[in-house]
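Notes follow once the structure below has been shown.
Protein chains: 6
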Amino acid sequence: MDTVFYAELSWPEVEARIAAGAPVFLPLGATEQHGRHMALNVDVVLPTAIAARAAARVGGLVLPAVAYGNRSQPRTGGGPGFPGTLNLRADTFAMIVRDVICDLHRQGARRIVTLNGHYENIGPTIEGIELALDAIGRDRTADLIILRIDHWELIRPETLDRIFPEGYPGIELEHASVIETSMMMALRPDLVDLSRAAHDGPARFRPYDRYPRPCDEVPPSGVLSLTAGSTAEKGEWLLADCEAGIVQIIHREFS
Amino acid sequence: MDTVFYAELSWPEVEARIAAGAPVFLPLGATEQHGRHMALNVDVVLPTAIAARAAARVGGLVLPAVAYGNRSQPRTGGGPGFPGTLNLRADTFAMIVRDVICDLHRQGARRIVTLNGHYENIGPTIEGIELALDAIGRDRTADLIILRIDHWELIRPETLDRIFPEGYPGIELEHASVIETSMMMALRPDLVDLSRAAHDGPARFRPYDRYPRPCDEVPPSGVLSLTAGSTAEKGEWLLADCEAGIVQIIHREFS
Amino acid sequence: MDTVFYAELSWPEVEARIAAGAPVFLPLGATEQHGRHMALNVDVVLPTAIAARAAARVGGLVLPAVAYGNRSQPRTGGGPGFPGTLNLRADTFAMIVRDVICDLHRQGARRIVTLNGHYENIGPTIEGIELALDAIGRDRTADLIILRIDHWELIRPETLDRIFPEGYPGIELEHASVIETSMMMALRPDLVDLSRAAHDGPARFRPYDRYPRPCDEVPPSGVLSLTAGSTAEKGEWLLADCEAGIVQIIHREFS
Amino acid sequence: MDTVFYAELSWPEVEARIAAGAPVFLPLGATEQHGRHMALNVDVVLPTAIAARAAARVGGLVLPAVAYGNRSQPRTGGGPGFPGTLNLRADTFAMIVRDVICDLHRQGARRIVTLNGHYENIGPTIEGIELALDAIGRDRTADLIILRIDHWELIRPETLDRIFPEGYPGIELEHASVIETSMMMALRPDLVDLSRAAHDGPARFRPYDRYPRPCDEVPPSGVLSLTAGSTAEKGEWLLADCEAGIVQIIHREFS
Amino acid sequence: MDTVFYAELSWPEVEARIAAGAPVFLPLGATEQHGRHMALNVDVVLPTAIAARAAARVGGLVLPAVAYGNRSQPRTGGGPGFPGTLNLRADTFAMIVRDVICDLHRQGARRIVTLNGHYENIGPTIEGIELALDAIGRDRTADLIILRIDHWELIRPETLDRIFPEGYPGIELEHASVIETSMMMALRPDLVDLSRAAHDGPARFRPYDRYPRPCDEVPPSGVLSLTAGSTAEKGEWLLADCEAGIVQIIHREFS
Amino acid sequence: MDTVFYAELSWPEVEARIAAGAPVFLPLGATEQHGRHMALNVDVVLPTAIAARAAARVGGLVLPAVAYGNRSQPRTGGGPGFPGTLNLRADTFAMIVRDVICDLHRQGARRIVTLNGHYENIGPTIEGIELALDAIGRDRTADLIILRIDHWELIRPETLDRIFPEGYPGIELEHASVIETSMMMALRPDLVDLSRAAHDGPARFRPYDRYPRPCDEVPPSGVLSLTAGSTAEKGEWLLADCEAGIVQIIHREFS
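Chains as they are written, first to last, in the working numbering: chain A, 6 to 260; chain B, 6 to 260; chain C, 6 to 260; chain D, 6 to 260; chain E, 6 to 260; chain F, 6 to 260.
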């Protein structure tokens, strides 16, 4: 079948593509508040779409996204207590990554790319990869390469300059803001309604965290920075950067 | 937004619907071989679609499916070593269920339905629910109801008689066979290609399991019974049973 | 010493028998309600006795039974909240199985049979076996065979026909019913008192589970089907089937 | 039924006895080498028999023994690599204790006694008890008393003087030696064959442990001290001490 | 005794100070390579010293540092495979944090500050805090405040401008570089030998991670940026910022 | 640098010493009440100092001490509920030991000594070592030796006779008593104030444990035996024994 989506293929098709060396992408997402103007699935939609575009270019396969992410934090995603957000413990998330990688390895996959869309997943993804390597056996991994990519790291400085002519506020405030909103407008305009954006940011965070009751610095909307200026066109610029960046990485690492 | 899918809503919409008592469905699936003629996502597509139909009827919400299932077994799914299949450990699966239920409870959801499409998920789903109840605190659950449904349990005997006039081979052999194939033909005909069905079944299993090398009784295609006679029309009969069954259960339990 | 029971031997005797290739049986049981008319140890007595009979035929050894089982469920055993029942978490049970198998392997045992008497143990037994294989190292298991047997699977259709001339109600309703009662009457008549049987069944279960308060369909006695007609003679028929079935399996797999 | 054994009762009988305040004994044992002259089940037989004698005196119940113990150590039991010995990880053992105590508490049992026969179980028993108290909730334990007894601690100095007129070598060398052998001769003479005792002790241990290859100070027989002089009569003296000690403790703590 | 160090006090002194509301600081460090010119204990020395200075100002107590940190990563610390570095799994680190916080809470401590010196500890510290809150019980934490501070977040922009007149390279490259080196020169000049600094940086990292063999972009010395220009005087500026920042936070949050 | 402390060295220095075969000492301590007259860090100070003295003699390295110990017990340390004491779960402690040993092994260390100062650490240290051996792979440990030493085991009988001319009360009552007090007076006289000793011992323990409220036999001061007669001179005798004992062991095992 003509698809990049692993789970839409039958097993003989998957077997053949992996035997042929197809890179396998694992999108890592979250179900997390993204402001009043966007759906909860932003962190699933973006890495899945980016992975699909890149996979189409490099003959890769895209696994079902992990749709639940590690505990959202106030300074990067609104926090674990925000309505709508569903949080996994770090250990749970790491074990999903471990199990999926181990089973991909069992099948012969040796080129694996985790593509992450949720900041708080970074740590438990690393943990899951390391646990998988322990489980596989470090001395059996000579031909295995696992890449861990956060899609926002692939945006070129030139693109940020175009989008933020008055200066980039920094990725840590970009939750549900111009970058994510623009990319969603390009990919799933039906899931964005800019008219509901609240413009109650940007957040000014204190340089520490407080538990169990976080500091009240998250704007009520959940948008950490600004949404004004988001457009589908900018979204396409960003997606193009991500796609090109991954293609380049794949060529460098898997050739 | 006019959707039953939880993750397509913004957080204020989810908050409002849960506050209004919307039942929340958690589809539990797998990425598992389903014969040469079907995609690997059958166990995700079926419970998601059934949940969506039922949710539309009862004002419910459908969460993102858990797309990776507990270890496939030879006698029910071909086995954990089949190409294409990606297996989670029981503990990993149970922890996903635990974390999602705990966080739904934190948000105020009190009517939760796990809808399962993969036989091997039954045990760790029960475990995950019990662990969630422990974590929430048994004395804080007076108003909480969690239902655990396997969709195939909702098929009426009359429907089985219509589909299998010469006798129903039993659900345990139905993996990738007429029931699942028919429902997929109704829902995602693009993911079924009956011309590739191998007709190498039905499996005749010995009454025990062998490890680490399972007995070689799984038909090479991975289809445990037969695919012949699968039609989209039969699929609709089956989906109608499941939908009606859930609506009836919801009314009984949540009124 | 002339016994099949592993723990009644001294270590040099065990060492010699394992070196000689003796199959090692691990009975997996539970401490679980079995109606008003039977003791809580049915799921321990049955697999231990069956294993002992089979071991005597094939030169095997029988380990101490795991006397505590995984969480009893309403539809198969009355449920985890029944008085008398003592439930282990799935993870605890799996770890026992893992540890015992790993240590048998360390001693040189390569022919291991888990013989199960409690339905809810199936999943965590599989998990424990798989975890043991991971711990041993998959590439060190070329000469290892582990069989997983549920004793009720070995009953021949002919025997069921003799015992249930009006039709077999199905194994899932057999908890504490004619099959288990008859076998207990054959093995431990002192632990059965048919005069206390309540005849409040059979259960008619809804096709789903409810938590934390299960549906009230378990008959108050805890007997899911019927006890009437149980006899020690029928018990001997059943035990003979189980014994013969295991002997046959052992010959097929371990020769 | 007229028995102290919990698992030989039906659920209504257990329910009634626990409601009446019966102390519940959990024997904690091991399957561990005990020299060439004794069976592997010494650590199960002793605490089970002692618990049964004490329970008969105080109206108590005796649970099925945990028949697998925490990792045997060279200086106290020969070590985890001895043939015949089957070792559980500390975590596995602690979780069994936790789960059983939690479920006893759920049933209303408030007087629980763990009676231990295997030195290496001490630590994970404490851990299991503490984990159970965490799981139950520390603020729900006002009426709960759990006693943790090692049976050898109940032997009176006078008895040791009678048995060892030339001086007691210390409990840490008593593994498979006069104390355990004598008690086994009193309880299960069929499982003792003094003619096979090797007299290759006593062990002289260095004051440290070595891993992964322990120091070679364990006598080849596995007997750490001496067996000469063991008699059933001495065994009865010892058992009487243990029984009386427990009865006294029960009266002090549970009245 | 006149000390801020918790473990140098006797228990009655600790009891009295906690009863009086003393904030308790938990320094979180690592044993990790910090270039050829510095000791492995930088991440322990810095948060311990900063905590001690702040505690002296606010009547606080400083716990023993957690001296082993979560897995070092190439882009922030050289990576888990660097000689000298000792890495804990994320789960291990989180459980230490959980256990210490739970036991501080048991003693009555309600003002807890984790002060972190190792970037990779951030995630598992958050996890440990959340697990502690679960274990304590969320409904028992009304009077509990836990602050999580990374000391480098407290450096004022003015100070960075003074130290880096040509522009701050960013905290992520500061591993073993001017900031850490200067603070160590102020605190423990005996553990710094600038003459051994290698000047093989700064690192230019690719925007992704590779496993199991990381990209070879870490400078051979392990210093990610530059050490030139490090002085004890600058170290004092930085320490003064950290101290003042914490004092200010303590006054804001604990008054 | 001229130090035995691992963490005070730079990574090239550690690398060189380990390559040269330096034994690596891991001090295992606790933060635990030690009476009204001593600081909480006794179990850290003693093994660290003893390890440092021994390391200086044998060219060894001393790692940062694990400053938090496994749950203090009433009969050996006052108990987990004593003010000041901070308790780790057994599992947490074992995982620290496992992770540190695994990472030492990765670096090439093959001569590892855990030196313990806290009785309750014994069990989880053994567990941690065994788990490390599992993780490393039992078949990769041919050249690895791990020694597990409790420092009090190295005190010679002659020294005990000199210190306790009227008879040694036994190590189990020595918590915070003459032995520990004397060694602290020799090492850290600033952390001992004999004038605050309470003389409310010795404890007379019942031969069992009670949970969740321990028997009230711990003297209010937390000192299990006596402090009278403690002197720095006696402390030096004891330290000399420990140092000499370790040097002797190192020569026997690592030559």
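Backbone N, C-alpha and C fix where the C-beta goes; we use that ideal spot for every residue, glycine too.
For A/Leu159, which residues in chain E fall below 9 Å Cβ to Cβ?
-> Walking along the first sequence from the start, residue 159 of chain A turns up at place 154. Simply Pro212 and Tyr213.
What are the boundary residues of the alpha helix (DSSP H) that includes A/Gln252?
-> Here residue 252 of chain A refers to the residue found at position 247 of the first sequence. In the sequence as presented, Gln is not what sits at residue 252 of chain A; that position holds Val. From DSSP, the alpha helix (DSSP H) with A/Val252 extends over Ala237 to Phe259.
Member of B/Pro194, B/Pro219 and B/Tyr213 whose CA lies at the smallest distance from the CA of B/Glu241 | Sequence index remark: in the second sequence, residue 241 of chain B carries index 236 (1-based). The option with the nearest alpha carbon to B/Glu241 is B/Pro194.
State yes or no: is the beta carbon of C/Asn75 nearer than 7 Å to at least one beta carbon in chain D?
-> If you number the third sequence from 1, residue 75 of chain C lands on position 70. At a cut-off of 7 Å, the C-beta of C/Asn75 has no neighbouring C-beta in chain D.
Measure from the alpha carbon of B/Phe169 to the alpha carbon of each residue in B/His39, B/Leu31, B/Met190 and B/Thr236, then state which is nearest.
-> Mapped onto the second sequence, residue 169 of chain B falls at position 164. Minimum Cα distance to B/Phe169 is reached at B/Thr236.
Closest residue to B/Leu199 among B/Ala44, B/Ala35, B/Met6 and B/Glu20 (Cα-Cα distance) = Here the question's residue 199 of chain B lines up with position 194 in the second sequence. Ranking B/Ala44, B/Ala35, B/Met6 and B/Glu20 by Cα distance to B/Leu199 puts B/Ala44 first.
Pairing CB atoms from the stretch 11 to 20 of chain E with CB atoms from the stretch 63 to 76 of chain E, are three or more of them under 8 Å?
-> yes
The stretch 225 to 238 of chain D: positions lying closer than 7 Å to chain C by Cβ | Within the stretch 225 to 238 of chain D, the qualifying residues are Gly227.
In angstroms with no decimal places, state the Cα-to-Cα distance between A/Met100 and B/Ala72.
-> The count along the first sequence starts at 1 and reaches residue 100 of chain A at position 95. The count along the second sequence starts at 1 and reaches residue 72 of chain B at position 67. So the alpha carbons of these two residues sit roughly 14 Å apart.
By a C-beta neighbour count over all protein chains shown, 10 Å radius and 16 as the cutoff for buried, is C/Ala25 buried or exposed?
-> Residue mapping note: residue 25 of chain C aligns to position 20 of the third sequence, counting from 1. Answer is exposed; the Cβ neighbour count stays below 16.
Three or more beta-carbon pairs under 8 Å between the stretch 145 to 160 of chain C and the stretch 204 to 224 of chain C, yes or no?
-> Inter-segment contact for the stretch 145 to 160 of chain C and the stretch 204 to 224 of chain C is absent: fewer than three beta-carbon pairs are separated by less than 8 Å.
Applying a beta-carbon distance threshold of less than 7 Å, which residues of chain B neighbour A/Val105?
-> Sequence index remark: in the first sequence, residue 105 of chain A carries index 100 (1-based). The answer, in chain order, is Tyr73 and Leu91.
For chain A, find out if any of its Cβ atoms is closer than 7 Å to the Cβ of E/Ala203; answer yes or no.
-> On the fifth sequence, position 198 is the one that residue 203 of chain E refers to. With 7 Å as the cut-off, E/Ala203 does not count as an interface residue toward chain A.
Looking at the C-beta of B/Trp16, does it have a partner C-beta in chain A at a distance below 7 Å?
-> Position 11 of the second sequence, counted from the first residue, corresponds to residue 16 of chain B. Yes - at least one Cβ of chain A is within 7 Å of the one on B/Trp16.
Buried or exposed (CB count within 10 angstroms, at least 16 for buried), A/Met6 = Within the first sequence, the letter at position 1 stands for residue 6 of chain A. With fewer than 16 other Cβ atoms from the protein chains shown falling within 10 Å of its own Cβ, A/Met6 counts as exposed.
Inspect the beta-carbon positions of B/Ala137 and B/Ile117 and report whether they are closer than 7 Å.
-> Your numbering for residue 137 of chain B matches position 132 in the second sequence. Your numbering for residue 117 of chain B matches position 112 in the second sequence. No.
Contact with chain G by E/Arg58, beta-carbon distance below 7 Å = No chain G is part of this structure, whose protein chains are labelled A, B, C, D, E and F.
Is there a Cβ from chain F that is less than 7 Å from the Cβ of D/Asp96?
-> By 1-based counting over the fourth sequence, the position of residue 96 of chain D is 91. With 7 Å as the cut-off, D/Asp96 counts as an interface residue toward chain F.
For chain A, is any of its Cβ atoms less than 7 Å away from the one on E/Pro217?
-> On the fifth sequence, residue 217 of chain E is found 212 positions in, with the first residue counted as 1. Residue-level contact check: E/Pro217 touches chain A, since one or more beta carbons of chain A fall below 7 Å from its beta carbon.
Determine, using beta carbons only, whether F/Leu138 comes closer than 7 Å to chain D.
-> Here residue 138 of chain F refers to the residue found at position 133 when the sixth sequence is read from its first residue. F/Leu138 counts as touching chain D.
Closest Cα partner of E/Leu196 within the set E/Val252, E/Pro225, E/Gly40 and E/Pro52 = Counting from 1 along the fifth sequence, the entry for residue 196 of chain E is found at position 191. Minimum Cα distance to E/Leu196 is reached at E/Gly40.
Would you mind reading off the limits of the beta strand (DSSP E) that contains C/Pro32?
-> Here residue 32 of chain C is taken as the residue at index 27 of the third sequence, counted from 1. Where C/Pro32 is concerned, the enclosing beta strand (DSSP E) stretches over Val29 to Leu33.
Under 7 Å, do F/Ala70 and F/Gly128 count as touching if we go by C-beta distance?
-> By one-based count along the sixth sequence, residue 70 of chain F stands at place 65. By one-based count along the sixth sequence, residue 128 of chain F stands at place 123. For F/Ala70 and F/Gly128, no; Cβs fall outside 7 Å.
So which residues on chain B does C/Arg111 lean against when the C-beta distance must stay under 8 Å?
-> Locating residue 111 of chain C in the third sequence gives position 106, counting from the first residue. Result: empty, since nearest Cβ-Cβ is about 17 Å, beyond 8 Å.
For C/His180 versus C/Leu149, is the C-beta distance shorter than 7 Å?
-> On the third sequence, residue 180 of chain C is found 175 positions in, with the first residue counted as 1. On the third sequence, residue 149 of chain C is found 144 positions in, with the first residue counted as 1. No.
Could you confirm whether any beta carbon from chain F is found closer than 7 Å to the beta carbon of E/Asp166?
-> Within the fifth sequence, numbered from 1, the residue matching residue 166 of chain E stands at position 161. Output row for E/Asp166: interface = no.
Does the Cβ-Cβ distance between C/Asp205 and C/Pro219 come in under 7 Å?
-> In the third sequence, counting from the first residue as 1, residue 205 of chain C sits at position 200. In the third sequence, counting from the first residue as 1, residue 219 of chain C sits at position 214. No. Outside cutoff.
Could you give the C-beta distance for C/Glu258 and C/Leu120, rounded to a whole number, given that I count them as a contact under 8 Å?
-> Here residue 258 of chain C is taken as the residue at index 253 of the third sequence, counted from 1. Here residue 120 of chain C is taken as the residue at index 115 of the third sequence, counted from 1. Rounded to the nearest angstrom, the Cβ distance from C/Glu258 to C/Leu120 is 14 Å, too far for a contact under 8 Å.
Give the straight-line distance between the Cα atoms of A/Gln38 and E/Val102, rounded to the nearest whole angstrom.
-> For the purposes of this step, residue 38 of chain A is taken as the residue at position 33 of the first sequence. For the purposes of this step, residue 102 of chain E is taken as the residue at position 97 of the fifth sequence. Looking at the two C-alpha atoms, the distance is approximately 28 Å.
Establish whether the CB of A/Val223 and some CB of chain B are separated by less than 7 Å.
-> Indexing the first sequence from 1 puts residue 223 of chain A at position 218. Judged by the 7 Å Cβ criterion, A/Val223 is not in contact with chain B.
Min CB distance C/Gly128 to chain B below 7 Å = Counting from one through the third sequence, the residue named residue 128 of chain C turns up at place 123. For C/Gly128, a Cβ of chain B is located within less than 7 Å of the residue's own Cβ.
How about C/Gly122 and C/Leu192: are their beta carbons less than 7 Å apart?
-> The residue given as residue 122 of chain C occupies position 117 in the third sequence. The residue given as residue 192 of chain C occupies position 187 in the third sequence. Going by C-beta atoms, C/Gly122 is not nearer than 7 Å to C/Leu192.
Would A/Thr146 count as contacting chain E if we go by Cβ distances under 7 Å?
-> Locating residue 146 of chain A in the first sequence gives position 141, where the first residue counts as 1. Chain E contact via Cβ: present.
Thinking just about the alpha-carbon of each residue, which of A/Pro88, A/Glu125 and A/Tyr124 is nearest to the one in B/Thr111?
-> As a first step, residue 111 of chain B must be located in the second sequence, where it is residue number 106. This sequence places Arg at residue 111 of chain B; Thr is not what is there. With distances taken between Cα atoms, B/Arg111 lies closest to A/Pro88.
C/Asp139 in three-state terms, based on DSSP | The residue given as residue 139 of chain C occupies position 134 in the third sequence. DSSP places C/Asp139 in helix when its eight states are reduced to three.
Between D/Thr90 and D/Ser77, what straight-line distance do the alpha-carbon atoms span, to the nearest angstrom?
-> Residue mapping note: residue 90 of chain D aligns to position 85 of the fourth sequence, counting from 1. Residue mapping note: residue 77 of chain D aligns to position 72 of the fourth sequence, counting from 1. C-alpha separation (whole angstroms): 8 Å.
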